[in-house]
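Everything below concerns the one structure shown next.
Numbering (the numbering used here), first residue to last: 156 to 336.
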């Protein structure tokens with residue numbers, strides 16, 4: 156099944172106008188990723204597909220614009236997208252733009268429905284365990300995005316507010332020797 160998904164990326168992407176295909180793809184990827192996280196961490200093309208599907212008008216309209224569609228199924232879709240990206244990101248922390256994509260997902264979802272998993276991941280993993288080098292790289296990536304209009308100002312400000320600012324605050328408060336070097 157993994158190979159079928161990998162071999163049919165183009166087909167899946169060309170059927171973006173069919174919400175059921177998108178939902179089935181997201182559900183299938185979620186099941187596969189939960190059973191084999193290491194396999195999922197190497198599926199760069201599938202993660203790119205997932206993010207393209209996420210940004211597609213069909214998914215956005217299906218999940219957000221029509222209130223009759225926003226039910227527990229759509230909440231699961233949103234959670235699955237987030238969980239898939241988090242699983243992948245945990246194995247690929249150097250892909251800082253993916254973290255920005257996760258922030259973009261956060262800006263699109265009503266806070267009421269947004270799972271706390273991402274917020275806890277930021278607080279417990281990124282802020283407290285990622286190296287100072289990673290945090291500097293994240294800051295440099297953020298600075299390079301200042302003129303990139305594909306990310307909204309709200310998305311950039313949330314990335315700064317929830318990830319960069321607390322990360323450096325934590326470093327200043329807990330690792331004074333390392334920062335001075």
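Where a beta carbon is used, it is the ideal one built from N, C-alpha and C, also for glycine.
Rounded to the nearest angstrom, what separates residue i and residue j at their Cα positions?
i: residue 304; j: residue 310; result: 11 Å
i: residue 300; j: residue 325; result: 23 Å
i: residue 185; j: residue 231; result: 10 Å
i: residue 289; j: residue 209; result: 26 Å
i: residue 284; j: residue 200; result: 28 Å
i: residue 176; j: residue 235; result: 15 Å
i: residue 312; j: residue 190; result: 35 Å
i: residue 302; j: residue 180; result: 33 Å
i: residue 295; j: residue 258; result: 17 Å
i: residue 197; j: residue 322; result: 27 Å
i: residue 329; j: residue 274; result: 21 Å
i: residue 308; j: residue 251; result: 17 Å
Return helix, strand or coil for residue i, following the three-state DSSP convention.
i: residue 231; result: helix
i: residue 286; result: coil
i: residue 198; result: coil
i: residue 328; result: helix
i: residue 305; result: coil
i: residue 272; result: helix
i: residue 248; result: coil
Is residue i near residue j, with beta carbons less than 9 Å apart?
i: residue 242; j: residue 188; result: yes
i: residue 246; j: residue 193; result: yes
i: residue 249; j: residue 206; result: no
i: residue 272; j: residue 238; result: yes
i: residue 327; j: residue 315; result: no
i: residue 244; j: residue 233; result: no
How close, in whole Å, do the beta carbons of residue i and residue j come, if the pair is a contact with beta carbons under 8 Å?
i: residue 318; j: residue 293; result: 7 Å
Mind checking if residue i is an interface residue toward chain D, Cβ cutoff 9 Å exclusive?
i: residue 285; result: You won't find chain D in this structure, because it holds only one protein chain.
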